[in-house]
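Student:
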Amino acid sequence: MNPKPPAGSPDRPTPPRLADRLLEWFVAPHRLETLQGDLHEEFAYQVGRVGEQRARWRYWREVLGFIRPYVIKRKSSEYPTPTNFDMIRNYLKITLRQLWYNRMVTLLNVLGLSIGLATCWVVYRMASFEFSFNTNHPAHDRIYRVVSRSIFDGKESGNPGVPIPMLNVIRAQLPGADLSVPVFEQRMQNLQVLRPKKGIQNVKKPKGIFATEPDYFSLVSNTFLIGSAAALSQPYQVILTQNRATQYFPGMSSKEVIGQEIIYWDTLRVRVAGVVTDPPINTDFVGHEFLSLSSMRLTPDVSEWGEVSATTQVFVRLNANAQPSAVERRLNALAQKYTATIHKEGVPFTRWHLLQPLSDLHFDADYANDSRTASKELLYGLMSLAGFILLLATINYVNLVTALVPQRAREISIRKTLGSSRWLLVVHFLCETLLVVSLAMLIAFALTNLFFTGFGDLLPAGTAEYTNPPLAISFAIVLSLVVTSLAGIYPGWLIARLQPLAGLQKRLGIGLGSSTLTLRKSLIVFQFIISQTFIVGTLLMGQQLRFALGQPMGFNREAVVLARTPYWDYKDEGRRFVLKTELQKLPGIAAISLGDAPATDYFNNNVWSYQGKKGKVSVSLYRKFIDTDYLKFYGIPLLAGRNVLPSDTIREYVINEAAAKAFGFKQPKDAVGKILTEEEGASFPVVGVVKDFHSQSFHEKISPTVLLMTKSNLLTVNIKLAFDKPAYWQQTLEQAATKWKEFYPDEPFEYRFYDAQLADFYQNEMAQSRIINLATAVSILISCFGLFGLATLISTQRTKEIGVRKILGASVASIVALLSKDFLKLVLVAIIIASPIAWYGMHQWLQGFAYKIDIEWWMFALAGVLATVVTILTVCFQAIKAALMNPVKSLRNE
Amino acid sequence: MKRTYLGEFEEIVLLMVAGMDGEAYGVGITHKLNEETDRSVRLNQVHAALHRLQEKGMVASRLGDPTPERGGRRKLLFTVTAYGYRTLQEIKAVRAQLWSTVPITPKLATSL
């Protein structure tokens, strides 16, 4: 309150100022005057009665005594004073009404956006999983794998391993690496677990066994449950993961497992010295048994510098200040020095080494060995695919909401007239968008789960299990905000720009201008360009895959089943030939042959040379081992000469046409009788030439091939089932399995139909094709949502016009044409723009195939017709509905 | 019929308001109470009672004139309402009724 006006004598005592201040602060304004007046009057009275000092005390007591709810409580105003909360509630209410009023558009928007968001979410799950690989290692940015690259026979290839002696050289002579860890994979057919009281337990083909040293555990994230890494410095020690420990010793605690014994290779008896946690799902370090390297008694000889095996890998951890490139140079210099001693003969062979960062381990297929690698290109491709689909959904939102702006013009104009700022209107609109996006996000989560159950096999194993909540939450938030701003900015700006006067007078067409229409049109065109490209992609990929799977490969493959005999049996070829005769006796088996299947995903090659009149011709040939029945079995025709004769070792060659051409023979028969010399090997005559057949997938050209007979190399049993009786195949295969057991009691009869195996060549392409099919379906769906919504809005906005037209004699057909025409024009423009883009993309994709279909114009025409039909179907529904409307009704509604 | 409850202190304050005939206000009532009932009543207690009475509709308030010792602030003057007056009368009647049943020389408890 105001200071006191001068009253009475100037030296009149005044109440304590502080108490007065306090009073003024807490008392409700409407009570303050009278209350303070009473207090002051009382004070003046008390000064006269008990003196100033005590009056002041009393004053304080009185003031404090007034601290009561009714005194403090402010009088509620006669007019409401809206708080932020009230306004937000109001906005929310308006928004919900708006969304409900235009529920069809809302539904289309939410559905479209949720599909787009779900696509993004699935790709996010996949990408976050793949990129998380090997990131949980301590100091993972300083860890490198030493890998090898070599050029052999003109082909450059990578190998994740290094020569064994390199480990010691790195340790002794490579500054910069503060840790070097051998990770030598051990493979075996069988191992024996000595279970207490239960005797010996055999384990078949155990996986994940590595010989290593204690330092391994400072490289990875596994932690010790019991025991310590130091145990690995002693020979005959093994450390198991928890999983492996329970597998080998069920029902035993980690403590009890310590000291148990395992026998490797029937002779190496080792003791369990520790148990570690299982490797996480997102690591390529998938070891489960860690054998101390010293148990292996490796005494690397200098000659081993010449050998590189994928199973002998070395990891190094560099010093914090070491330069990887410098370390690499030094490493190569060292390797050169040692390799030079054993490669004096001038063999055309070069090898060098690289440091592969841990972050590349999961992505570089060149050094994949057995571990699964992910392709960064594929991931980026999927990301852009998801981005495109989300963009389609966002375009829908923009288009539909912009089309709704005229309907909302009155509300916006009133808000503006009442003083709402542009900024506030935009924010309001963005919040509305955020609400829709959030709703779509919720549905997207449900859709994602559906996808995981329905298409889980398209995703790498472990994707569904991998979670990273902080990253996921921030991604979801960022995604929602980005979509909200992309979708909401333009309509928001449009709203902010709206002239209130025009809005209130309903002169909207003028108010919004024609730029909106052009933008909407270009957005639709853009949408259909994407859909059209996808459609062409789907068609072409399907064509090519059908071609690759259905095209004759130069040999018969119907009803062929392949089974591999165990490789440890390679010396005992007699057993295989007895097996062959035994199987031949089964009634359901039409033919049988031993030898490498004609087309395989592995290959085996060497260089042969021919000394002709014009000089020496050297050709790298694919080598396939066959028996005498092979050509007949696969129906590969001989063009000249004869089949191979039975033989234990190589005595003669049969080559294919491509090989004959490569050696320079004009006619197949010219090659017969000519002598070929194998690189560093013997010379034998060509006895026959066969017609070309595909020895690899259609990605590769037919390569020059040599067929030869060596009994010991015939490892695959090719079985042709009686072609006319598919019903008995299963029975025959069971009989074959029984026979197999007589020969290999410990080996399962693992067979595969050759057709299925050939289809595996195109696994990548099939996965790509499935992804593109899905993307096509989704993009068409979303684009149609948008078209449908727009068609509906436009036909309602043009209700009157249609009514007038009908009265003036327009037919239903002409009105449908009128309404559909605009959209069709846009789709046609999109088809014209999309075709070259799709052509270029598919042309690139087909470059991966040596044998491919031609891209023909009818594919684009078909795709165009498809898009047009879909458009017509979508638009017509609304157009016909509008055209059939009774003009009396549409014109009366005023 | 719902009877409004009046506390003893409220009743006295209401009586004071009625007795001061439209000129009752916080300080006035306090002083008069202190003089006449030999109690030591404080201003905030009186204010609270007046607030409750007003809530119950037994007094009405209006603004009075400012005085110098109040620093030029106006008084909040209270007048008893018809409802308040009737309540007072009812209480008085009940008391009188009860008094009429008390014998002239009632038996008094002898021990403490």
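Heads up: the sequence lines are chains A and B, in that order.
Numbering of the first sequence is given in UniProt numbering, commencing with residue 1 and proceeding in unit increments.
Numbering of the second sequence is given in UniProt numbering, commencing with residue 1 and proceeding in unit increments.
Backbone N, C-alpha and C define an ideal beta-carbon position, used for all residues, glycine too.
These numbers were taken from a predicted model, which means no experiment stands behind them.
1) Is there contact here, the segment 41-58 of chain A with the segment 87-105 of chain A, by at least three beta-carbon pairs under 8 Å?
2) Please classify residue 12 of chain A as buried or exposed, where buried requires at least 16 other C-beta atoms within 10 Å of its C-beta.
3) Relative to the C-alpha of residue 216 of chain A, which candidate in A/276, A/623, A/733 has its C-alpha closest?
4) Give me the Cβ distance between residue 160 of chain A and residue 313 of chain A, rounded to the nearest whole Å; I'm assuming they're in contact under 8 Å.
5) By the three-class DSSP mapping on this structure, what secondary structure does residue 201 of chain A have?
6) Within 8 Å (strictly less), CB to CB, does residue 75 of chain B reach chain A?
7) Apart from the five residues on each side of it in sequence, which residues of its chain come closer than 7 Å, Cβ to Cβ, to residue 95 of chain B?
8) Compute the Euclidean distance between the alpha carbons of residue 768 of chain A and residue 615 of chain A, then round it to the nearest angstrom.
9) Taking C-beta pairs closer than 8 Å, name the residues in chain A that residue 27 of chain B reaches, listed in chain order.
10) Between which two residues does the alpha helix (DSSP H) containing residue 38 of chain A stretch?
11) What number of angstroms, rounded off, separates the C-alpha of residue 180 of chain A from the C-alpha of residue 315 of chain A?
12) I'd like to know if residue 35 of chain B contacts chain A, where contact means its C-beta is closer than 8 Å to some C-beta of that chain.
13) I'd like to confirm the pairing. Which residues does DSSP put opposite residue 185 of chain A in its beta bridges?
14) Taking beta-carbon pairs under 8 Å, can you tell me which members of the UniProt domain "Transcription regulator PadR N-terminal" (15-90) of chain B lie near chain A?
15) Assuming contact is defined by CB atoms lying nearer than 8 Å, are residue 324 of chain A and residue 168 of chain A in contact in what I supplied?
16) Under 7 Å Cβ to Cβ from residue 842 of chain A, same chain only, skipping five residues before and after it: list those, please.
17) For the segment 15-37 of chain A, list every residue whose C-beta sits within 8 Å of some C-beta in chain B, in sequence order.
18) Can the beta-carbon of residue 272 of chain A be found less than 8 Å from the beta-carbon of residue 279 of chain A?
19) Can you confirm whether the segment 9-18 of chain B touches the segment 36-54 of chain B when touching is taken to mean that 3 or more C-beta pairs between the two stretches lie within less than 8 Å?
20) Indicate whether at least one CB of chain B lies closer than 8 Å to the CB of residue 68 of chain A.
21) Grab me the residues of residue 98 of chain B's own chain with a C-beta within less than 7 Å of its C-beta, minus the 5 sequence neighbours each way, in chain order.
22) Helix, strand or coil for residue 346 of chain A per DSSP?
23) Can you list, in chain order, the residues of its chain whose CB lies under 7 Å from that of residue 352 of chain A, leaving out five sequence neighbours each side?
24) Against chain B, with Cβ distances strictly below 8 Å, would residue 51 of chain A count as a contact?
25) Leaving out five residues before and five after residue 109 of chain A in sequence, what residues of the same chain have Cβ atoms less than 7 Å from its Cβ?
26) Could you give the C-beta distance for residue 790 of chain A and residue 393 of chain A, rounded to a whole number, given that I count them as a contact under 8 Å?
27) Using only the alpha-carbon positions, how far apart do residue 211 of chain A and residue 364 of chain A sit?
28) Is residue 62 of chain A close to chain B, meaning its C-beta is less than 8 Å from at least one C-beta of that chain?
29) Whole angstroms are fine: how far does the CA of residue 74 of chain A sit from the CA of residue 33 of chain A?
30) Taking the Cβ atom as the reference point for each residue, do residue 270 of chain A and residue 236 of chain A lie within a distance shorter than 8 Å?
31) With distances taken from CA atoms, which of A/188, A/682, A/661 is nearest residue 672 of chain A?
32) Below 8 Å between beta carbons: does that hold for residue 772 of chain A and residue 816 of chain A?
33) Considering only residues of the same chain and omitting the five flanking positions on each side of residue 914 of chain A, which have a CB-CB separation below 7 Å?
34) Measuring straight from C-alpha to C-alpha, what distance separates residue 477 of chain A and residue 431 of chain A?
Tutor: Taking the geometry as given:
1) Verdict: no, contact absent.
2) exposed
3) A/276
4) 5 Å
5) strand
6) Chain A contact via Cβ: present.
7) none
8) 47 Å
9) 38, 41, 42, 45
10) If you look at residue 38 of chain A, you'll find it in the alpha helix (DSSP H) that goes 29-50.
11) Approximately 6 Å between the Cα atoms of the pair.
12) no
13) A/210
14) 25, 26, 27, 30, 31, 42, 43, 44, 45, 47, 48, 51, 63, 66, 67, 68, 69, 70, 71, 72, 73, 74, 75, 76
15) Going by C-beta atoms, residue 324 of chain A is not nearer than 8 Å to residue 168 of chain A.
16) 536, 537, 540, 855
17) Cβ contacts with chain B: 33, 34, 35, 36, 37.
18) no
19) The segment 9-18 of chain B and the segment 36-54 of chain B touch, with three or more beta-carbon pairs separated by less than 8 Å.
20) For residue 68 of chain A, the closest Cβ of chain B is nearer than 8 Å.
21) none
22) Because the pLDDT at residue 346 of chain A is just 49, under 50, the model does not fix this residue reliably, and the point stays unresolved.
23) Excluding residues up to 5 positions away in sequence, 149, 332 lie with their Cβ nearer than 7 Å to the Cβ of residue 352 of chain A in the same chain.
24) Residue 51 of chain A does not count as touching chain B.
25) 396, 397, 400, 436
26) Between residue 393 of chain A and residue 790 of chain A the Cβ distance is about 14 Å, and since that is not below 8 Å, they are no contact.
27) 24 Å
28) yes
29) 14 Å
30) yes
31) A/661
32) no
33) What the structure shows of chain A is the stretch from 1 to 894, and residue 914 of chain A is not part of that stretch, so it cannot be assessed.
34) 14 Å
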